[in-house]
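Peer 1: The structure's right below; bear with me while I get my questions together.
In my numbering, the protein residues as written are 847 to 1087.
Here it is in structure tokens:
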């Protein structure tokens, strides 16, 4: 649509005269310029075919394309602002000398870590990692009343923006971090107290907050063995050795 609306000014006949091959090349150049890899050829071919489609109210197409052009302009502006914001966020992370520590968690990007720390402030102000998880509203809470025991749910309190930042970090971490992937697999397949996909991802979000708190407050990079078994297990292995 950028090629049609901005390159050719919404002139469908002009775009059609390019031919299917040149139209595909123009779209590929535009996608590459924006950091993409390749277009969906199915959508591209259907769109090119629609350029010469005589059905519908043809007189309305210029106005519709003009609205699309405005939407594309708004989208480009928002994308540029987002890129600028992310650049400034990671620059602050570099200035605090926290980038290497934060990104030592496989799957957690500098932008993801900066988004979390923007909501937490200095992690050292939390006495424990659990306090940070509770601040995000990701700590579980049992529903108890006398002899009644209800389902355990999240508190839902704390900072929603921090909870969202941790939740977004889950997607990259779950794919790139073998410890989190194994944890997710275990939680969703175990026979007793099997969790849903969303519940398991919530557990991983809380784990990211706890471990990010640990690496920053201790100044030590993320360690897969500690993340899997805990520091107590590591001490036992060292003593046995």
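Where is the CB? At the ideal position from N, CA and C, for every residue including glycine.
Bear in mind that the values here come from a model prediction, so they are computed numbers and not experimental data.
Assuming residue 916 is part of the alpha helix (DSSP H), what are its boundary residues?
Peer 2: 907-941
Peer 1: Output the distance between the C-alpha atoms of residue 1035 and residue 1046, rounded to the nearest integer angstrom.
Peer 2: 10 Å
Peer 1: Is DSSP giving residue 980 helix, strand or coil here?
Peer 2: helix
Peer 1: Select from 907, 859 and 847 the residue whose C-alpha is nearest the C-alpha of residue 885.
Peer 2: 847
Peer 1: Can you give the Cα-Cα distance for residue 1029 and residue 1042, rounded to whole angstroms?
Peer 2: Approximately 13 Å, taken between the alpha carbons.
Peer 1: Using the rule of at least 16 other Cβ atoms within 10 Å of the residue's Cβ for burial, across every protein chain shown, is residue 1023 buried or exposed?
Peer 2: Residue 1023 counts as buried, since no fewer than 16 other beta carbons sit within 10 angstroms of its beta carbon.
Peer 1: Going by CA-CA distance only, name the one from 924, 1069 and 1018 that's closest to residue 959.
Peer 2: Shortest Cα-Cα distance from residue 959 to any of 924, 1069 and 1018 involves 1018.
Peer 1: Which parts of the region 863-897 are runs of the alpha helix (DSSP H), unbroken and 4 residues or longer, counting only runs that do not cross its ends?
Peer 2: 865-879 and 887-896
Peer 1: Since residue 962 and residue 1008 are thought to touch, with beta carbons under 8 Å apart, how far apart are those beta carbons, to the nearest angstrom?
Peer 2: 7 Å
Peer 1: Counting only runs that start and end within the region 1054-1078, where is the alpha helix (DSSP H) found for 4 or more residues in a row?
Peer 2: 1070-1075
Peer 1: Of all the options 934, 850, 1006 and 953, which has the alpha carbon lying nearest to the alpha carbon of residue 1050?
Peer 2: It is 953.
Peer 1: Determine the burial state of residue 948: buried for a count of at least 16 other Cβ atoms within 10 Å of its Cβ, exposed for fewer.
Peer 2: buried
Peer 1: Nearest to residue 874 by alpha carbon, out of 889, 863 and 860?
Peer 2: 889
Peer 1: State yes or no: is the C-beta of residue 869 within less than 8 Å of the C-beta of residue 878?
Peer 2: Between residue 869 and residue 878, the C-beta gap is not smaller than 8 Å, which leaves the two residues out of contact.
Peer 1: For residue 961, report the span of its alpha helix (DSSP H) as first-last.
Peer 2: 956-966
Peer 1: Rounding to the nearest angstrom, what Cα-Cα distance links residue 863 and residue 928 in this structure?
Peer 2: 36 Å
Peer 1: Output the distance between the C-alpha atoms of residue 1067 and residue 943, rounded to the nearest integer angstrom.
Peer 2: 13 Å
Peer 1: What residue range does the alpha helix (DSSP H) around residue 1025 cover?
Peer 2: Looking at the DSSP string, the run of the alpha helix (DSSP H) that includes residue 1025 is 1024-1035.
Peer 1: Could you have a look at residue 857 and say whether DSSP puts it in helix, strand or coil?
Peer 2: In this structure, residue 857 counts as coil in the three-state DSSP scheme.
Peer 1: Can you tell me the Cα-Cα spacing of residue 914 and residue 851, whole angstroms?
Peer 2: 7 Å
Peer 1: Is it right to say residue 895 is buried, meaning 16 or more other beta carbons lie within 10 angstroms of its own, or is it exposed?
Peer 2: exposed
Peer 1: Looking at the structure shown, is residue 899 part of a helix, part of a strand, or coil, going by DSSP?
Peer 2: coil
Peer 1: Between the C-alpha atoms of residue 975 and residue 983, what's the straight-line distance to the nearest angstrom?
Peer 2: 13 Å
Peer 1: With DSSP as the reference, label residue 1019 as helix, strand or coil.
Peer 2: Residue 1019 falls in the helix class under three-state DSSP.
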